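If you're matching them up, the sequences are chains A and B in order.
Those letters in the first sequence? Residues 99 to 269, by my numbering.
Those letters in the second sequence? Residues 387 to 656, by my numbering.
From the three backbone atoms N, C-alpha and C, an ideal C-beta is built for every residue, glycine too.
Remember, predicted model here, so these are calculated numbers, not experimental data.
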Amino acid sequence: MNRTIINIIRFVVLVLFQVLIVNHIRLGGYVHPYIYLLFVMLLPINMPKWQLLLCGFGVGLAVDLFTGTPGLHAGATTLMAFCRPSILKLVSGNQKFENIQEPDLGQLGGVWFIRYSVCMVLVHHFTLFILESFSFKLMGQVLLRILLSAPVTIFLIMMILYLFSSNKKKE
Amino acid sequence: MLNLIRFIQKNHFVILFILLEVICILLLSRSQNFHKQAVMNTTNNVVGRIYEWGSDVGNYFRLKKTNEQLAEENALLRQQLSVVTDTTQNTYLINERDTIYEYIPAQVVNNSINQAKNYIIINKGKLDGIKPDMSVISPDGIVGVVSNVSSHYATIISLLHSNSIIGVRFKTSQELGTLKWTTNNYRYGMVEDIPTHLVLNEGDTVLTGPYSFIFPEDLMVGTVEETYETASGDLNRAKIRFSTNFATLRHVYVIKNLYTTELDSLRAKF
């Protein structure tokens with residue numbers, strides 16, 4: 099199937115999954131996993147950078163419309179998309195992506211993916227929770243939220259990846 | 387000019403990034419302002435419909451509990467009705483307050499409790515007579531204030547919103563306070579500006595205050611959980627437990643004040 103169509107489907111499914119199911123997970127009021135980041139993480143590696151930014155902005159805005167916080171998620175995902183090329187470089191070091199179209203668990207391995215998602219998720223959560231409180235006054239609480247939410251987000255993202263990449267191998 | 391174009395071409399990634407972030411910050415700072423959520427307004431219908439699908443599925447799993455709650459409320463209303471009908475025939479209306487307010491039942495289609503600014507979406511809108519600034523209550527206590535309406539849905543600013551401020555009163559002493567949500571926990575709110583001489587006990591009832599243009603007087607808000615004294619001898623604070631359980635909110639009532647226009651026109655004069 100066409101890459102673009104796959105990405106559009108991924109966009110819709112992840113946003114709906116986020117707002118209809120994951121947003122209702124309530125663990126003590128501090129844990130807010132955001133699995134829709136997976137959309138930005140899995141975008142094609144050689145995608146033009148400006149498209150990457152627009153995709154990040156778009157998925158953030160879509161989630162914003164549902165949560166009633168225009169600009170909040172969009173701001174965080176745009177920054178995350180902005181950082182993605184550098185994070186890819188940082189995480190993979192000398193590794194080249196010659197034959198790889200988009201980040202793929204089978205080809206790049208679990209350890210690579212965990213490092214990749216830790217960087218991406220931290221950038222996103224940091225921006226999101228600071229923008230949300232809109233001040234540095236509640237810094238302690240913000241840090242607590244980040245430290246509690248990021249592991250859950252990373253865990254969920256890895257779970258989803260393992261679920262779906264095993265399907266791909268069978269095909 | 388050519389240089390400028392070349393500059394933009396060269397740095398289009400950074401420029402687009404800054405542009406998008408500026409848009410985000412603008413949107414965000416605009417939404418800090420209570421009633422100007424233009425973006426929300428236009429998409430409310432689509433978003434509301436999708437949420438309704440989601441909550442339709444969830445509702446099946448809660449049918450038993452919902453039934454029990456409604457039955458309980460029925461029983462309570464029946465009890466109140468018997469009080470009314472028992473008194474002499476010509477005093478059907480216990481007091482004037484009942485005649486000013488009309489209650490519109492609605493269902494919650496989406497609700498959040500773990501953000502810093504929580505909103506609730508209900509399945510009644512402009513066509514059902516809902517307007518911004520109407521108050522919303524649940525059978526257990528107050529819930530929030532309507533902020534935006536589309537034709538079939540309405541957004542409510544939950545009590546669990548960092549900008550929410552509500553005038554409250556302690557039932558036993560009649561002293562006033564201001565309820566804010568600074569705890570970031572969906573079970574508790576914080577009443578501030580409490581006079582220092584006031585002695586509060588755990589479990590004291592907190593009701594809505596008398597001076598609100600939005601909430602009717604004496605609605606249940608919650609009970610006192612913990613009190614804090616300020617060292618400087620300024621006004622005290624008290625943590626209260628909301629009587630409404632925001633995590634399981636399903637059925638709510640929107641309260642319509644039949645004299646809103648009159649009140650507003652009067653208020654516009656000062």
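Nearest neighbour of Leu-135 of chain A, chosen from A:Ser-263, A:Trp-148, A:Leu-254, A:Leu-261 [CA to CA]: Taking Leu-135 of chain A as reference, the option from A:Ser-263, A:Trp-148, A:Leu-254, A:Leu-261 with the minimal CA-CA separation is A:Leu-254.
Candidates B:Gly-608, B:Val-607, B:Val-522: closest to Val-638 of chain B by CA position: Checked all of B:Gly-608, B:Val-607, B:Val-522; the closest Cα to Val-638 of chain B is B:Val-522.
Within-8 Å CB hit, Ala-502 of chain B to chain A: The Cβ of Ala-502 of chain B sits closer than 8 Å to at least one Cβ of chain A.
Buried versus exposed call for Thr-102 of chain A [16 or more other C-beta atoms within 10 Å across all chains shown]: In this structure Thr-102 of chain A is exposed. Its beta-carbon is surrounded by fewer than 16 other beta-carbon atoms within 10 angstroms.
Contacting residues, own chain, Cβ-Cβ under 8 Å from Val-554 of chain B (five flanking each side not counted): Around Val-554 of chain B: Leu-562, Gly-563, Thr-564, Leu-565, Val-577, Val-592, Leu-593, Thr-594, Gly-595, Val-607.
Interface residues of chain A facing Gly-440 of chain B [CB-CB closer than 7 Å]: The answer, in chain order, is Leu-118.
Nearest neighbour of Val-531 of chain B, chosen from B:Ile-516, B:Ser-537, B:Val-433 [CA to CA]: Ranking B:Ile-516, B:Ser-537, B:Val-433 by Cα distance to Val-531 of chain B puts B:Ile-516 first.
Within-8 Å CB hit, Gln-60 of chain A to chain B: No information on residue 60 of chain A is available, as it lies outside the stretch 99 to 269 that chain A covers here.
Lys-194 of chain A, buried or exposed, once every other Cβ within 10 Å from all chains shown has been counted against 16: When all chains shown are included, Lys-194 of chain A counts as exposed.
Thr-474 of chain B burial status per 10 Å Cβ neighbour count (16 or more: buried): Its pLDDT being 48, under 50, Thr-474 of chain B is placed unreliably by the model, and the measurement read from it follows with that caveat. Looking at its Cβ environment, which holds fewer than 16 other Cβ atoms inside 10 Å, Thr-474 of chain B is exposed.
Euclidean distance between Cα positions of Leu-605 of chain B and Leu-163 of chain A: Taking the straight line from one Cα to the other gives about 32 Å.
Reduced DSSP secondary structure (H/G/I, E/B, other) of Val-592 of chain B: Correct three-state label for Val-592 of chain B: strand.
Member of B:Ser-559, B:Val-610, B:Ser-537, B:Ile-551 whose CA lies at the smallest distance from the CA of Arg-573 of chain B: Taking Arg-573 of chain B as reference, the option from B:Ser-559, B:Val-610, B:Ser-537, B:Ile-551 with the minimal CA-CA separation is B:Val-610.
Neighbour-count burial assignment, Ile-123 of chain A, 16 or more Cβ in a 10 Å radius: By the neighbour-count criterion, in which a residue is buried when 16 or more other Cβ atoms sit within 10 angstroms of its Cβ, Ile-123 of chain A is exposed.
The region 499–508 of chain B contacting the region 629–644 of chain B, beta-carbon criterion three pairs below 8 Å: Yes, the region 499–508 of chain B is in contact with the region 629–644 of chain B.
Rounded C-alpha distance that separates Tyr-645 of chain B from Val-408 of chain B: Rounded to the nearest whole angstrom, the CA to CA distance from Tyr-645 of chain B to Val-408 of chain B is 42 Å.
CB contact check: Val-433 of chain B to chain A, cutoff 8 Å: Under the Cβ distance rule, Val-433 of chain B counts among the residues neighbouring chain A, one pair being separated by less than 8 Å.
Chain A contact residues for Ile-411 of chain B, given Cβ-Cβ distances below 8 Å: Correct list: Gly-169, Gly-173.
Minimum Cβ-Cβ distance from Gly-166 of chain A to chain C less than 8 Å: Protein chains A and B are contained in the structure displayed, whereas chain C is not.
Buried or exposed (CB count within 10 angstroms, at least 16 for buried), Lys-510 of chain B: Under this definition Lys-510 of chain B is a buried residue.
Residue from A:Met-139, A:Ala-172, A:Leu-206 whose Cα sits closest to the Cα of Gly-191 of chain A: Considering only alpha carbons, the answer is A:Leu-206.
Residue span of the alpha helix (DSSP H) that contains Val-585 of chain B, given as start and end: Where Val-585 of chain B is concerned, there is no enclosing alpha helix (DSSP H), given that its DSSP letter is neither H nor E.
Three-state class that DSSP yields for Gln-395 of chain B in the structure shown: Helix, per DSSP.
Burial state of Arg-243 of chain A, where buried means 16 or more other Cβ atoms lie within 10 Å: Buried: at least 16 other Cβ atoms inside 10 Å.
Cα-Cα separation between Tyr-128 of chain A and Asn-500 of chain B, rounded to whole angstroms: One C-alpha to the other measures close to 7 Å.
Minimum length 4: unbroken alpha helix (DSSP H) runs contained in the region 512–561 of chain B: Counting only runs of 4 or more, we get nothing.
Beta carbon of His-223 of chain A nearer than 8 Å to that of Ser-247 of chain A: Yes.
For Val-189 of chain A and Arg-213 of chain A, believed in contact at Cβ under 8 Å, the rounded distance: Confirmed, Cβ separation roughly 5 Å.
Endpoints, the alpha helix (DSSP H) within which Lys-655 of chain B is located: Under the DSSP assignment, Lys-655 of chain B falls outside any alpha helix (DSSP H); it carries neither an H nor an E label.
Three-state secondary structure assigned by DSSP to Arg-623 of chain B: For Arg-623 of chain B, the secondary structure class from DSSP, reduced to helix, strand or coil, is strand.
Neighbourhood of Ile-480 of chain B by C-beta distance below 6 Å, restricted to the same chain and skipping five residues each side: Interpretation of Ile-480 of chain B is limited by its pLDDT of 42, a score under 50 that renders its predicted location unreliable; the figure taken from the coordinates is listed afterwards. Here the set comprises nothing.
For Leu-584 of chain B, the nearest candidate out of B:Thr-616, B:Asn-534, B:Asn-622 (CA to CA): Comparing Cα positions, the closest option is B:Asn-622.
Chain-order list of residues whose beta-carbon lies under 8 Å from that of Ile-185 of chain A (same chain, five-residue window excluded): Its chain contains Tyr-214, Cys-217, Met-218, Val-221 as the residues whose beta carbon lies nearer than 8 Å to that of Ile-185 of chain A, once the 5 sequence neighbours on both sides are disregarded; these appear in chain order.
Whether Phe-211 of chain A touches Leu-259 of chain A by CB criterion (8 Å): Yes. Within cutoff.
Backbone secondary structure at Phe-155 of chain A - three-state DSSP: Correct three-state label for Phe-155 of chain A: helix.
Leu-150 of chain A to Phe-656 of chain B span [Cα, whole Å]: Roughly 53 Å separates the two Cα atoms.
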